[in-house]
Amino acid sequence: MTKGAPRIAIIGAGIGGLAAALRLAHSGAAVTVFERHATPGGKMRTVPSVAGPIDAGPTVLTLKPVFDTLFSDAGLALEDHVTMVPQNTLARHFWPDGTRLDLMQDHTASAQNIRTAFGAKSAQEFRGFAHRAAKLFDAFNPSMMQSAAPTIAGLARVVATNPALIPALDPLRSLSRSLQQQFTDPRLAQLFARYATYVGGLPNASPALLSLIWHAEAQGVWHVKGGMHRLAHAIEKCAMSLGATFHYNSQITRIEGQSGTARAVHTSDARHVVDAVLFNGDPRALTTGLLGPAVENSFPNTAVEPRSLSASVMSFAAIPKGVELSAHNVFFATDPHHEYAPLVNNQPQTDPTLYVCAQDRFTDCTPTGAERFEVILNSPPATTDKARHTCQTLILDRLSQYGLTFSPTPQGVTQPQDFAQMFPASQGSLYGRSPHGMMAAFKRPKARTSLRGLYLTGGGAHPGAGVPMAVLSAHHAVAAILKDLPSI
């Protein structure tokens, strides 16, 4: 290791790379971040519109304590850098039969809304489901998400010491099958089964354990005032104030290894000697040789295959008509039993559920004039060339069936093949490895790799997809780097 501050290269300024840059800079490391795009944030990106920048990536932010900890560990306060506003309405849900349901931050209010829409039995079933989801979250948050390297043996110990978890874990059923047992009304099973798509999975192939996502959401959904990109810029600014350097429009072409240790990173015109490298991109870029032969075998291919889902995304500004929207809205498919069937065969959906984020309606505002929207349709990875016009027509026709139209008519769809171009070697998959199967969580790559001095962070690494999970992955990676540096 060099004398003085250790030199750390971070490849990628997504949320994981940004969080790691802040932590490492605070530790006294000499941090240099290389980002192939022009701005920070990675998938937390924006597109311009007449109504202002539109968040065209994540729009739901949960688990606020994760971000409080990130800033406080660096001697900062989150509220000094971004304004985060709790949402009273978590999401508004619409079904083709005219049923509408608001899930609320207040658990009692959610149960009452379910009682009104679906009856007393459904409200009772919801309370039981929420109780089981809370038990799962409380048990597996410390042993899985907060753990840098969870093991099957560790999971077994958690269950062995608390056998009451087994019915909630429902290990022999998929998420959708488990929910069908828990809810009499198929519409509620359809609602909570959708949480598998939050991490790029299909409900009938993902483990029932993913029902704990409800508890993460029930603890609060937050709006970052000004848009999610403000969070990325705030973390970047704080890291820079502590000495981190950022290079944008700067692509790393190769990671150089010497004697089994990462020693340098290369751009098209320079070689940068380092003491450690932290990769914040899709880990598949390493196994496919995109960053050179030294890193191809730094973890097994099973850590990045099979791939998770992608999405088709419309981001636009327009005046909505016909439907009373909240900030987060879900318009469900007609047939809950077959809506995901095409995705099983890597084909686009024909009867989809759509997520619509009305980004000017946070804090229950009702704006006038053109509003900013993001519409998301679950799609397979970019294994086929899907027609943009067909996808756009499917989205707009489905929303019009609910009575929701826009003026002017939105144009343009970001497709999986576009995401494949934005995020090298991802194949358009937005969540890294697929979450299918009970053991999927143990197969994702961890922070350390087999190449000394090379580490991973981001949604493709443990603990998985989602903004809070990427921040946790940075915490694990930085802890590993700082522990290993003396020996490196």
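For the sequence shown, position 247 matches number 1625 in this note's numbering, and the numbering has no gaps at all. All residues carry an ideal CB built from backbone N, CA and C; glycine is no exception.
*L1656 bridges to which residues according to DSSP?*
In DSSP, L1656 forms a bridge with I1388 and Y1833.
*Which same chain residues, not among the five before or five after G1394, have their C-beta less than 6 Å away from its C-beta?*
Excluding positions up to five away in sequence, the list reads N1658, T1835, G1836, A1848, S1851 and A1852.
*asked:* Here's a check: name, in chain order, each residue in its chain whose Cβ is nearer than 8 Å to the Cβ of A1640, leaving out the five neighbours to either side.
replied: Excluding sequence neighbours, A1640 sits near I1633, E1634, V1652, A1654, V1655, A1672, V1673, L1829, R1830, G1831 and L1832.
*What are the partner residues of W1600, as DSSP defines its beta bridges?*
In the DSSP output, where bridge partners are listed per residue, W1600 has L1439 and P1464.
*In whole angstroms, what separates the C-alpha of I1630 from that of A1383?*
Using only the alpha carbons, I get a separation of about 22 Å.
*May I have the straight-line CA-CA distance separating A1498 from A1508, to the nearest angstrom?*
Per the coordinates, the alpha-carbon of A1498 lies some 15 Å from the alpha-carbon of A1508.
_Cα-Cα separation, K1821 to Q1559_ = So the alpha carbons of these two residues sit roughly 28 Å apart.
*6 Å CB neighbourhood of F1496 in its chain, flanking five on each side removed*: Leaving aside the five residues that flank F1496 on each side, the residues in its chain whose CB is nearer than 6 Å to its CB run, in chain order, D1563.
*Check whether the region 1475-1490 touches the region 1616-1630, counting contact only when three or more Cβ pairs, one atom from each stretch, lie closer than 8 Å.*
Too few Cβ pairs lie closer than 8 Å, so no.
*asked:* Please state whether the Cβ-Cβ distance between L1721 and L1755 is less than 7 Å.
replied: No, the Cβ-Cβ distance between L1721 and L1755 is not below 7 Å.
*Since A1867 and L1400 are thought to touch, with beta carbons under 8 Å apart, how far apart are those beta carbons, to the nearest angstrom?*
Coverage of the chain is limited to positions 1379 through 1866, which leaves residue 1867 absent and any answer about it impossible.
*How many whole angstroms separate the CB atoms of L1587 and L1557, which I take to be in contact at a CB cut-off of 8 Å?*
With a Cβ gap of about 12 Å, L1587 and L1557 do not count as contacting.
*On the three-pair Cβ rule with 8 Å, is the region 1778-1786 touching the region 1735-1742?*
For the pair of segments examined, the region 1778-1786 was found not to touch the region 1735-1742: the number of CB pairs separated by less than 8 Å stays below three.
_Ordered list of alpha helix (DSSP H) runs contained in the region 1744-1779, each at least 4 residues_ = Within the region 1744-1779, complete alpha helix (DSSP H) segments of at least 4 residues are found at 1766-1779, given in chain order.
*Considering Q1502, what are the terminal residues of the alpha helix (DSSP H) in which it resides?*
DSSP places Q1502 inside the alpha helix (DSSP H), whose first and last residues are A1498 to F1518.
_Quick check on Y1626: buried or exposed, where buried means 16 or more other Cβ atoms within 10 Å of its Cβ?_
By the neighbour-count rule (16 or more Cβ atoms within 10 Å), Y1626 is not buried but exposed.
_Considering Cα atoms alone, identify which of M1523, N1491 and A1803 is closest to G1844._
Of the candidates M1523, N1491 and A1803, the one whose C-alpha sits nearest the C-alpha of G1844 is M1523.
*How many Å lie between T1827 and F1677 at the Cα?*
Straight-line Cα distance between these residues: approximately 6 Å.
*Look at the alpha carbon of D1729 and the alpha carbon of T1575, and state the distance between them as a whole number of angstroms.*
C-alpha separation (whole angstroms): 15 Å.
*Between the CA atoms of D1713 and L1479 - distance to the nearest angstrom*: So the two alpha carbons sit approximately 18 Å from each other.
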